[in-house]
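**Q**
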Amino acid sequence: MAVANANAIDRTRRMLSLVTYLRERPGAHVADVARAFGITEDELIADLDVLPMCGTSFRGGDLLDIDTDGDRIWWHNPDDVAEPLRLAADEATALLVAARAVATLPGLRDGDRQALLRATAKLEAAAGEAAGASSRLSVTFESEGGVFADVDRAISERRRLWLRYYSPARDELTEREVDPIRLFAVGHTYLEGWCHLSEARRTFRLDRVAEIRLLDEPAAPPAIEPRDLSEGLVQPSADDPEVVVEVGPGGRWVAEYYPHDSAEELPDGGLRITLRTPAPASLRRLALRLGGEGRIVSPPELADSARQAALAALAAYDTPEAFAAPHVPSAPGEDRGAGPAGRA
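Structure (structure tokens):
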């Protein structure tokens, strides 16, 4: 996977250089261009097949109009694409609303707030009439905004944090002291830090922080390399426990959302998915979410734990006979996690 990522990055860099090269050499010969970039003619043609899908936007006339007859390369609209970028009304509105919302975050450093306000004023002036709609819209942040500000301040001031944090794997709140390392976003916003409760590096999702305080004690996390997130937040190790899950046709989405070692087709249109996770217990919630569309096969103790969790959920509804009832598929668009009943 790392090799594939490196190749993609190298190709992107090459294609950016290729745009400049072709702009200065109308009608360039395929063989000459391939030789200049140290690639084969087939690789060059593959790049030329991608470039017409690139441009300043996906609106008509903004894409690169580049083609080849197999011998020479022609770029038909270099002057149009090279024109200064202009924001459409929807783009200007989105930027202005987001900028104003971020400027209201509590705890934002004053220098950053002032820089953001100056940039917003320039954007309003450049957008002209397109900026009008943004003044009628507003965004407010829930608790995560305040948590973000406190974490950002702790990082800048090198101070330790105290957290009350909800752990979904154990379904409990824990109190921790954390030396923050960095903030990052992968779908949600996360804090990476050195947790003194675990005596290890841990990642905390900001919307699961129930309470937060900045401590006077200075933060001194060990000198550790930041995690490589190029392949996503969840990167199972070969040493992690193996879990096997069988899902029906309505549960095939699991293979799209969970990194896995294998996904074998089942006769009923479902999948037998083998994956690894450092916290197998966290998959109990997946089993409940799947309902009749899935079950944990192994390890046996996890399968039994998920089954007991399903029975306990059914008991809460005071309808234990429902456990033997046939599964009713969710309607299109219905939340997959709406019902607790089903196989575990």
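Residue numbering for the sequence shown follows this note's numbering, starting at 5 and increasing by one per position. Even for Gly, the Cβ is constructed at its ideal location relative to N, Cα and C. Keep in mind it's a predicted model, so treat the numbers as computed, not measured.
Quick one: residues in its chain with C-beta nearer than 6 Å to the C-beta of residue 300, no 5 flanking neighbours on either side, listed in chain order?
**A** As a first step, residue 300 must be located in the sequence shown, where it is residue number 296. Excluding residues within five positions, the ones whose Cβ falls inside 6 Å are 249, 291, 306, 307, 310.
**Q** Hey, residue 37 and residue 25: beta-carbon distance below 8 Å or not?
**A** By 1-based counting over the sequence shown, the position of residue 37 is 33. By 1-based counting over the sequence shown, the position of residue 25 is 21. Yes.
**Q** Does the beta carbon of residue 44 sit closer than 8 Å to a beta carbon anywhere in chain C?
**A** Absent from the structure is chain C; it holds one protein chain and no more.
**Q** Output the residue ranges of the alpha helix (DSSP H) runs that lie fully inside the segment 265-303 and measure 4 residues or longer, sorted by chain position.
**A** Listed in chain order, the complete alpha helix (DSSP H) runs (minimum 4 residues) inside the segment 265-303 are 287-294.
**Q** To the nearest angstrom, how far is the alpha carbon of residue 195 from that of residue 186?
**A** Walking along the sequence shown from the start, residue 195 turns up at place 191. Walking along the sequence shown from the start, residue 186 turns up at place 182. Straight-line Cα distance between these residues: approximately 6 Å.
**Q** Could you spell out the range, first to last residue, of the beta strand (DSSP E) harbouring residue 228?
**A** Taking the first residue of the sequence shown as position 1, residue 228 is located at position 224. Premise fails: residue 228 is in no beta strand (DSSP E) and is neither H nor E.
**Q** Along the alpha helix (DSSP H) that carries residue 47, what are the first and last residues, could you check?
**A** Residue mapping note: residue 47 aligns to position 43 of the sequence shown, counting from 1. Run containing residue 47: 45-54, per the alpha helix (DSSP H) assignment.
**Q** Inspect the beta-carbon positions of residue 212 and residue 262 and report whether they are closer than 8 Å.
**A** Your numbering for residue 212 matches position 208 in the sequence shown. Your numbering for residue 262 matches position 258 in the sequence shown. Taking 8 Å as the Cβ cut-off, residue 212 and residue 262 do not qualify as a contacting pair.
**Q** Below 8 Å, how does it come out for the segment 277-296 and the segment 220-229: are there three or more Cβ pairs, yes or no?
**A** Cβ pair count under 8 Å is below three, so no.
**Q** Would you give the residue range spanned by the beta strand (DSSP E) that residue 204 belongs to?
**A** Stepping through the sequence shown from its first residue, residue 204 is reached at position 200. Residues 204-209.
**Q** Alpha carbon to alpha carbon, how far is residue 56 from residue 71? Give it in angstroms, no decimals.
**A** Looking up residue 71 in the sequence shown gives position 67. Looking up residue 56 in the sequence shown gives position 52. Straight-line Cα distance between these residues: approximately 8 Å.
**Q** For residue 320 and residue 312, what's the separation of their Cα atoms in angstroms?
**A** Residue numbering aside, residue 320 sits at position 316 when the sequence shown is read from its first letter. Residue numbering aside, residue 312 sits at position 308 when the sequence shown is read from its first letter. Looking at the two C-alpha atoms, the distance is approximately 12 Å.
**Q** Could you spell out where the beta strand (DSSP E) holding residue 246 opens and where it closes?
**A** Taking the first residue of the sequence shown as 1, we reach residue 246 at position 242. Counting along the chain, the beta strand (DSSP E) containing residue 246 begins and ends at 246-251.
**Q** By DSSP, does residue 22 sit in helix, in strand, or in coil?
**A** Here residue 22 refers to the residue found at position 18 of the sequence shown. Residue 22: helix per DSSP, three-state reduction.
**Q** Between which two residues does the beta strand (DSSP E) carrying residue 189 extend?
**A** Indexing the sequence shown from 1 puts residue 189 at position 185. Run containing residue 189: 176-190, per the beta strand (DSSP E) assignment.
**Q** Residues in the same chain with beta-carbon distance under 7 Å from residue 52, minus the five sequence neighbours each way, listed in chain order, please.
**A** For this step, residue 52 is matched to residue 48 along the sequence shown. Cβ neighbours of residue 52 beyond the five flanking positions: 70, 72, 77.
**Q** Go through its chain and collect everything with a Cβ distance to residue 256's Cβ below 6 Å, but skip five positions before and after it.
**A** Position 252 of the sequence shown holds residue 256. The answer, listed in chain order, is 275.
**Q** Within its chain, find whatever has a CB closer than 6 Å to the CB of residue 197; leave out the 5 residues flanking it on each side and keep chain order.
**A** Locating residue 197 in the sequence shown gives position 193, counting from the first residue. Closer than 6 Å at Cβ, skipping near neighbours: 182, 183, 184, 185.
**Q** Under 8 Å between the Cβ atoms of residue 17 and residue 79?
**A** What you label residue 17 is simply residue 13 of the sequence shown in a count that begins at 1. What you label residue 79 is simply residue 75 of the sequence shown in a count that begins at 1. Contact: no.
**Q** I need the straight-line Cα distance from residue 303 to residue 245, nearest angstrom please.
**A** Sequence index remark: in the sequence shown, residue 303 carries index 299 (1-based). Sequence index remark: in the sequence shown, residue 245 carries index 241 (1-based). If you take the alpha carbons of residue 303 and residue 245, they lie about 9 Å apart.
**Q** Hey, out of 31, 29, 19, whose CA is closest to residue 352's CA?
**A** Limits of the chain in this structure are 5 at one end and 348 at the other, which puts residue 352 out of reach.
**Q** Drop a sphere of 10 angstroms on the beta-carbon of residue 22, count the other beta-carbons inside from all chains shown, and report buried for 16 or more, exposed for fewer.
**A** On the sequence shown, position 18 is the one that residue 22 refers to. Buried.
**Q** On a CA-only basis, which of 215, 189, 179 is nearest residue 200? Give me that one, please.
**A** Walking along the sequence shown from the start, residue 200 turns up at place 196. Answer by Cα proximity: 179.
**Q** Give me, in chain order, the residues of the same chain whose beta-carbon lies closer than 6 Å to that of residue 15; leave out the 5 immediate sequence neighbours on both sides.
**A** What you label residue 15 is simply residue 11 of the sequence shown in a count that begins at 1. Nothing meets the Cβ criterion.
**Q** If you draw a straight line from the alpha carbon of residue 326 to that of residue 259, how long is it in whole angstroms?
**A** Within the sequence shown, residue 326 is the residue found at index 322, counting from 1. Within the sequence shown, residue 259 is the residue found at index 255, counting from 1. Low per-residue confidence applies at residue 326: pLDDT is 44, beneath 50, and the placement is therefore not dependable enough to give any value.
**Q** Beta carbon of residue 253, beta carbon of residue 265: below 8 Å?
**A** For this step, residue 253 is matched to residue 249 along the sequence shown. For this step, residue 265 is matched to residue 261 along the sequence shown. Against a cut-off of 8 Å, the Cβ pair of residue 265 and residue 253 comes out as no contact.
**Q** Anyone know if the C-beta pair for residue 154 and residue 219 falls short of 8 Å?
**A** Taking the first residue of the sequence shown as 1, we reach residue 154 at position 150. Taking the first residue of the sequence shown as 1, we reach residue 219 at position 215. No, Cβ-Cβ distance for residue 154 and residue 219 is not below 8 Å.
**Q** Which of helix, strand or coil does DSSP assign to residue 114?
**A** Sequence index remark: in the sequence shown, residue 114 carries index 110 (1-based). Residue state, collapsed to three classes: helix.
**Q** Indicate the three-state DSSP secondary structure (helix, strand or coil) for residue 69 in the structure shown.
**A** Looking up residue 69 in the sequence shown gives position 65. Correct three-state label for residue 69: coil.
**Q** DSSP three-state label for residue 75, please.
**A** Taking the first residue of the sequence shown as position 1, residue 75 is located at position 71. The answer is coil: DSSP assigns residue 75 none of H, G, I, E or B.
**Q** Mind checking who residue 197 pairs with in its DSSP beta bridge?
**A** For the purposes of this step, residue 197 is taken as the residue at position 193 of the sequence shown. Paired residue(s): 184, 206.
**Q** Once DSSP output is grouped into helix, strand and coil, what is the label at residue 32?
**A** Position 28 of the sequence shown, counted from the start, is the residue given in the question as residue 32. Here residue 32 sits in coil by DSSP.
**Q** Based on DSSP bridge pairs, tell me the residues matched to residue 213.
**A** For the purposes of this step, residue 213 is identified with residue 209 of the sequence shown, where counting begins at 1. According to DSSP, residue 213 bridges with 169.
**Q** Taking residue 215 as the reference, give the member of 317, 152, 54, 131 with the closest Cα.
**A** Position 211 of the sequence shown, counting from 1, holds the residue named residue 215. The candidate whose alpha carbon is nearest that of residue 215 is 152.
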